[in-house]
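Scroll down for the structure; my scribbles are underneath it.
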Amino acid sequence: MLATPEIIRETGQLAQFEELLPRWREVPLYRDSIVRANCKHADFDCFQRLPLMAKPEMRNNFPQNFLPAGQTIELLLEKNLIELEHTSGTSSERLPVIFGRGWWNTQEERALRLNGFVAKILDEFPNARRATITSPACNGLTCPTVWMSREQRTFGNALFVNLARIPFLVSEADLLHMAAEIADWSPQFLDVDPVHGARFALYCEQHGIKFPSLKFILCSYEFTSVVHRKILSRVFGVPVFNLYGSTETGHLLMEDESGEMKPSYDTAFLEIVNMDERGVGELVVTTLTNDYMPLLRYRIGDLVEQHFLPYGNHFTVHGRARDALTTCDGQRVTTWEVDQCFGKINGIVHYELRQNENSDCVLRFVPDGIGPAKEELRRVTLQLETLLKFSTEIKTEAMPVLVPAASGKFRLTSRTP
1 MLATPEIIRE
11 TGQLAQFEEL
21 LPRWREVPLY
31 RDSIVRANCK
41 HADFDCFQRL
51 PLMAKPEMRN
61 NFPQNFLPAG
71 QTIELLLEKN
81 LIELEHTSGT
91 SSERLPVIFG
101 RGWWNTQEER
111 ALRLNGFVAK
121 ILDEFPNARR
131 ATITSPACNG
141 LTCPTVWMSR
151 EQRTFGNALF
161 VNLARIPFLV
171 SEADLLHMAA
181 EIADWSPQFL
191 DVDPVHGARF
201 ALYCEQHGIK
211 FPSLKFILCS
221 YEFTSVVHRK
231 ILSRVFGVPV
241 FNLYGSTETG
251 HLLMEDESGE
261 MKPSYDTAFL
271 EIVNMDERGV
281 GELVVTTLTN
291 DYMPLLRYRI
301 GDLVEQHFLP
311 YGNHFTVHGR
321 ARDALTTCDG
331 QRVTTWEVDQ
341 CFGKINGIVH
351 YELRQNENSD
361 CVLRFVPDGI
371 GPAKEELRRV
381 TLQLETLLKF
391 STEIKTEAMP
401 VLVPAASGKF
411 RLTSRTP
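Note that my numbering gives residue 266 to position 266 of the sequence shown, counting from 1, and the numbers run on in steps of one.
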């Protein structure tokens, strides 16, 4: 097997564990579990004896559960050593997150450079400007919930142009204003929530608006559907790439030029637990660079699949575990599997496939223009019925608006509680 740079970085993670173990021993949240696991050295067997954790453990006694004795958030903020952010609340209540000053930008660029095309753009434009279009419910810094001036929405090389929670309700005047701001900003890339980005793209298409400075589009914040990607690519004519991570872990995977989701080995160690027979399981993350709030074996709440290749590994992100559907015989069907059924259909901006208590499903969608042809829509529902092993027909409803969850994020698949 060739010792490619990817494989070298992956095998080097054990050395990172060894280097970080003394720091992890000082974290109150992990002190007892590391002792119980008898971790004298940071070998993988010892590491996997540590318990899994989730947001309740992070929230309990925060921030004293992460900070060494004598250290406080107030003192760290006063010394300008940290930034304090909050998660979006997709899987539970919003959660405060601590990271070192400048950590977010550093780990993000490290992930972006896993894509050779993007890396060349960043080399050509060291201060590459971005225009961000996302939900105003993300966090206090980047997603304002009240009207703010352009100056207040500009952070370094990033301009945040969207103040709307539901993109389908944005007025023509506001969309025109957004387009004008982006044209004046002349960004090298758009950083978009895919639903918000697709809605904005359609407005630009309808009015013949182009952005000559644009080199690529970055989709993050939530699951990117093939219908979103198709619209963004069609309208703007530049490559569209997916960036995956979370506020609490940083960016974990970046899509490269061949469409593979590559892991950022320097940022985190990734495990998959509770795998099914296909190899799809829950993603567990151990962060490696956030000294102020390290996460050990953190259950991020998403389903992934790992692919092992001679030149290095890549992943498929299957979506939120809580959003997975079930077949009539109880098998799990992921958001990614559902989304593959929409690869060849046109005329849909966004959709939601909701499974009811009796396991029946309803497909609701926002049409693109006049919407999909009747025969195309039936072809998709037939694929979905086969996937879910249904004997009954899936009902479809064209909707002018689909609303997000309380977090501001949209769901492609969901189950009635």
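Cβ atoms here follow ideal geometry from the backbone N, Cα and C, with glycine treated the same way.
Among residues of its own chain, excluding the 5 on either side of residue i, which ones have a beta-carbon nearer than 6 Å to its beta-carbon?
i	result
P404	F410
G245	H251 and L252
N139	The pLDDT assigned to N139 is 43, lower than 50, so where the model puts this residue is not dependable, and the model offers no usable value.
L141	Any reading at L141 must be qualified, since the residue scores a pLDDT of 46, below 50, and its modelled position is unreliable; no value is offered.
H314	E260, M261, K262 and H307
R49	A37
N274	G281 and E282
A54	R299
R415	Q355
Q383	C341
Could you pull out every residue in the same chain whose Cβ sits closer than 7 Å to the Cβ of residue i, ignoring the five residues on either side in sequence?
i	result
S392	The identity of residue 392 in the sequence shown is Thr, whereas the question assumes Ser. Closer than 7 Å at the Cβ level, and outside the excluded window around T392, lie D360.
T327	V333, L388 and K389
A198	H228, I231, L232, V349 and H350
Evaluate residue i with the Cβ neighbour count: other Cβ atoms within 10 Å of its Cβ, from every protein chain shown; 16 or more gives buried, anything less gives exposed.
i	result
G312	buried
V349	buried
S225	buried
S135	buried
T132	buried
E271	buried
H41	exposed
L412	buried
S264	buried
F99	buried
T386	exposed
R297	buried
V304	buried
A373	exposed
R94	buried
In this structure, does DSSP put residue i in helix, strand or coil?
i	result
R297	coil
A324	coil
S419	The question about residue 419 has no answer, for the chain in this structure spans 1 to 417.
C138	Low confidence applies here, because C138 scores a pLDDT of 49, under 50, leaving its location unreliable; read the following figure in that light. Reduced to three states, the DSSP call for C138 is coil.
E352	strand
F125	coil
C204	helix
V35	helix
H41	coil
R49	coil
G197	helix
V333	strand
Q383	helix
C143	Any reading at C143 needs caution, since the residue's pLDDT is 46, under 50, leaving its predicted position unreliable; the model's value is listed next. It is coil, neither helix nor strand.
I82	strand
G312	coil
F236	helix
Q306	strand
K262	strand
G116	helix
V170	coil
T11	helix
L214	coil
T106	helix
R25	helix
A179	helix
M1	Unreliable positioning characterises M1 in this predicted model, as indicated by a pLDDT of 45, which lies under 50. The coordinate reading is nonetheless provided below. Residue state, collapsed to three classes: coil.
Identify every residue that forms a DSSP beta bridge with residue i.
i	result
S246	G250
I133	V192
K395	V362
V401	Paired residues: none, contrary to the question.
G100	I82
D368	For D368, which the question treats as bridged, DSSP gives no partner whatsoever.
I272	L283
F155	A158
C219	V192 and N242
E255	M261
G347	BP columns for G347 are empty, so no partner.
G408	Its beta-bridge partners do not exist; DSSP assigns none.
V317	V304
Could you pull out every residue in the same chain whose Cβ sits closer than 8 Å to the Cβ of residue i, ignoring the five residues on either side in sequence?
i	result
L77	L84
R23	D291 and P294
V235	A201, L202, C204 and E205
Check the Cβ-Cβ distances between residue i and every residue of chain B, and say whether any is below 8 Å.
i	result
N115	No chain B is present in this structure, which holds just one protein chain.
Are there three or more Cβ pairs, one per stretch, closer than 8 Å when the stretch 166-181 is compared with the stretch 231-244? no
The stretch 117-127 contacting the stretch 207-218, beta-carbon criterion three pairs below 8 Å: yes
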